[in-house]
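Below: the structure, in structure tokens.
Numbering (full-length UniProt numbering), first residue to last: 1 to 166.
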């Protein structure tokens with residue numbers, strides 16, 4: 001009789017939406033549910049999803065989420081040039097290593113649809129064992145970013161878990 005092999009623990013993820021208007025209830029956020037549905041489809045367990053106003057509250061949320069040590073943290077919003085678009089500025093100091101090629105690929109994918117993709121200032125990188133990506137704040141830009149991430153996210157998480165998959 002064989003002993004069943006225990007299932008590997010599922011990877012975890014968190015979503016942070018930076019939007020002053022969505023946080024105030026002026027409109028319903030569409031990016032968070034889009035990201036959450038995508039993560040669920042890839043078998044990630046969502047440990048936290050927050051919508052916070054642009055600005056300083058992002059820093060506290062990033063730190064709160066990183067304390068949970070999710071495999072993945074995807075942010076959306078606050079990557080432009082408005083004075084309160086500070087998501088990348090607050091993310092960068094938390095990164096141990098940057099992955100500029102990921103953001104280059106996301107911007108390139110977006111440029112196929114809109115020249116505005118060139119002004120997204122987001123970062124991708126790691127903080128401990130967490131893979132972090134700053135996505136822009138529009139649903140179409142998020143969809144472009146997720147399309148880029150889909151074939152590589154598992155490999156990135158595997159490497160952060162110490163697996164050598166190549």
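Don't be surprised by glycine CBs; every beta carbon is placed ideally from N, CA and C.
Here the structure is a predicted model, which means the values were calculated and not measured.
- Only residues of its own chain outside the window of five on either side were considered, and among them 88, 91, 92, 95, 98, 103 and 134 have a CB closer than 7 Å to the CB of residue 123, listed in chain order.
- Within the stretch 69-131, the complete alpha helix (DSSP H) runs of at least 4 residues fall at 87-91 and 100-111.
- Residue pairing for residue 51: DSSP places it in a beta bridge opposite 17.
- Beta bridge pairing from DSSP links residue 135 with 76.
- Annotation for residue 41: the continuous alpha helix (DSSP H) segment containing it runs 31-41.
- The shortest CA-to-CA distance from residue 86 to any of 65, 61, 148 and 107 is the one to 61.
- From the listed residues 11, 143 and 15, the smallest Cα separation to residue 64 is found for 15.
- About 16 Å separates the beta carbons of residue 101 and residue 144, which is beyond the 8 Å limit, so they are not a contact pair.
- Closest in alpha carbon position to residue 138, among 159, 154, 152 and 75, is 75.
- The closest CA to that of residue 154, considering only 136, 50 and 131, is found on 131.
- Beta-bridge partners assigned by DSSP to residue 45: 12.
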